[in-house]
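The sequence shown begins at 1 in my numbering and counts up one residue at a time. From the three backbone atoms N, C-alpha and C, an ideal C-beta is built for every residue, glycine too. Before any comments, here is the structure.
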Amino acid sequence: MLYLMQSAMAAMSTPTRQGMRLARAILNHPQNQFGQSPAGRDVAAWLSVFDHLGGMHHRPAWKLDHVTKDGKEVPVQAKRVLKRAYCELTHFEREGGAKGLPRVLIVAPMSGHFATLLRGTVEALLPDHDVYITEWLDCKHIPKTEDRFNLNDFIDYLVDFLHFLGPRTHLLAVCQPTVAALAATSIMADWGDRCQPMSITLVAGPIDTRVNPTAVNEFASAQDLTWFKDNLIQVVPPPFLGMGRRVYPGFIQLNSFMAMNMDRHKRSISDMHDSLVAGDQETHDRRQAFYDEYLSVMDLPEDFYLQTIEAVFQSHALPMGKMMSRWHAVDPSHIRKPYLFVVEGEADDICGVGQTQAALHLTTNLPDKHKKYLLVKGVGHYGTFNGCVFRETIAPQIKTFIEDAEHHVNVH
């Protein structure tokens, strides 16, 4: 019922937003003297902000059409190379190919936002790497007739993608999928799989949420699964292709995210308004681009969401040595070859300091010289994979780490 109401309200808001655009056009007309007054500019600015924030936001485009290397622009195209029911594997294909560049598979979170939230990650890695990324699909557009999808399927997809890409692939997981990435690598290591990653980079993920638990962790562990199922799981309404499917809706996740930092969002929205009034289009466009991405959310499969809550945040299955993926015991001590790099943000309010670092302690048979840890001072969750600190501090260290792993394999 909640999803149906939200969908109906979104549809009914369309005429209102069209009216806002008409009113704004009238106010901005050069012959409208009131529109040029301080009060008129103020009203027009608020109409613009509310129109933009109130609309339905769909899967964003990558908007990465070139990469700059050695001062030259090389055309790039985001191309789907593999399609599964719940995910597309996208390759950032550059003109002339990427021969000699390390191949990197970025595992995007399946946590409510689209993979384009990692646009800054991709953009920073593109000059020196052959980049692929998982693009998880919005469940409201996946027919109910498709098989169900849970955390085990997520791990299977990663193994499948690594087999598709072949040996000498570097794995980089951001936030939530760090658990699945470590699990997939553990299983492949146990098999002696030649396609297991050459290196693993885990960025700000919940490997062990018993360490420095955040408000997010405490909320996930405070309720039993029945509460989550009864209060947060909704049925996709018509006219979506996935109608009848049980999901954790993106709009609920978005509201949760915004509630965590409501004062910050209020300031940002006020800044969008003030910049329009002042004629500072650059500041306005920068903030609007952020909200274009931030407000674009997707629905998650019920089984995946509930299994993640239980295994990662409640039973702590991986660090407790109790995690199973189908018939496989997930044991990170099987990992002996890949290099492992852990990145955390000191001010991360989603994954507390030490939660991702736990991966270094679980991989007991991986030599210390193959492990690296970076704690970035003053950086929050978003800053561990986007923004200037990521570009200037974190990405260069990821590049060096991957180069070291490549060199080790070439020497040995």
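In whole angstroms, what is the alpha-carbon distance linking residue 139 and residue 31? The residue you call residue 139 lines up with position 139 of the sequence shown. The residue you call residue 31 lines up with position 31 of the sequence shown. Going from the Cα of residue 139 to the Cα of residue 31 covers about 48 angstroms.
message: By the DSSP assignment, the beta strand (DSSP E) with residue 345 in it spans what residues?
response: Along the sequence shown, read from residue 1 onward, the residue named residue 345 stands at position 345. Taken as a continuous stretch (DSSP letters only), the beta strand (DSSP E) holding residue 345 covers 339-345.
Requested in this report: Using the DSSP secondary-structure output, state which residues sit across from residue 328 in a beta bridge.
Outcome: Your numbering for residue 328 matches position 328 in the sequence shown. Answer by DSSP bridge pairing, in chain order: 325.
Taking the alpha carbon of residue 107 as the point to measure from, which residue in 180, 80, 75 has its own alpha carbon closest? Locating residue 107 in the sequence shown gives position 107, counting from the first residue. The candidate whose alpha carbon is nearest that of residue 107 is 180.
For residue 365, is the classification buried or exposed, using 16 other Cβ atoms within 10 angstroms of its Cβ as the cut-off for buried?
Reading the sequence shown from its first residue, position 365 is the one you call residue 365. With fewer than 16 Cβ atoms within 10 Å of its Cβ, residue 365 is classed as exposed.
Worksheet item: Count the other CB atoms within 10 Å of the CB of residue 177; is the residue buried (16 or more) or exposed (fewer)?
Response: Here residue 177 refers to the residue found at position 177 of the sequence shown. Buried, by the Cβ-count rule.
Exposure of residue 407, with buried meaning 16 or more beta-carbon neighbours within 10 Å
Here residue 407 is taken as the residue at index 407 of the sequence shown, counted from 1. With fewer than 16 Cβ atoms within 10 Å of its Cβ, residue 407 is classed as exposed.
ask   = Which residues does DSSP pair with residue 135 in a beta bridge?
value = For this step, residue 135 is matched to residue 135 along the sequence shown. Its beta-bridge partners are 88.
Coil, strand or helix - residue 295 by DSSP: Position 295 of the sequence shown, counting from 1, holds the residue named residue 295. Of the three classes helix, strand and coil, the one that applies to residue 295 here is coil, per DSSP.
Using the C-alpha atoms, what's the distance from residue 128 back to residue 69?
Taking the sequence shown and counting its residues from 1, one reaches residue 69 at position 69. Taking the sequence shown and counting its residues from 1, one reaches residue 128 at position 128. Going from the Cα of residue 69 to the Cα of residue 128 covers about 8 angstroms.
- Task: Give the DSSP-derived three-state secondary structure of residue 193 in the structure shown.
- Result: Position 193 of the sequence shown, counting from 1, holds the residue named residue 193. Looking at residue 193 - three-state DSSP - the assignment turns out to be coil, as it is neither helix nor strand.
Open item on the list: Any contact between the region 186-193 and the region 397-407? By contact I mean 3 or more CB pairs, one from each, below 8 angstroms.
Closed with: no
request  = Spatial neighbours of residue 79 within its chain, please: CB distance less than 6 angstroms, with the 5 preceding and 5 following residues excluded, ordered by chain position.
outcome  = One-based indexing of the sequence shown puts residue 79 at position 79. 91, 93.
Point to revise | Outcome for residue 132 when other beta-carbon atoms lying within 10 angstroms are tallied against a minimum of 16 | key: The count along the sequence shown starts at 1 and reaches residue 132 at position 132. By the 10 Å Cβ count, residue 132 comes out buried.
Expected contact under 8 angstroms - CB spacing of residue 200 and residue 171 to nearest Å:
Counting from 1 along the sequence shown, the entry for residue 200 is found at position 200. Counting from 1 along the sequence shown, the entry for residue 171 is found at position 171. Yes, residue 200 and residue 171 are in contact; Cβ-Cβ is about 5 angstroms, under 8 angstroms.
Requested in this report: May I ask you to report which of helix, strand or coil DSSP gives residue 94?
Outcome: Within the sequence shown, numbered from 1, the residue matching residue 94 stands at position 94. In this structure, residue 94 counts as strand in the three-state DSSP scheme.
- Query: First and last residue of the alpha helix (DSSP H) that includes residue 229?
  - Reply: Within the sequence shown, residue 229 is the residue found at index 229, counting from 1. Counting along the chain, the alpha helix (DSSP H) containing residue 229 begins and ends at 225-231.
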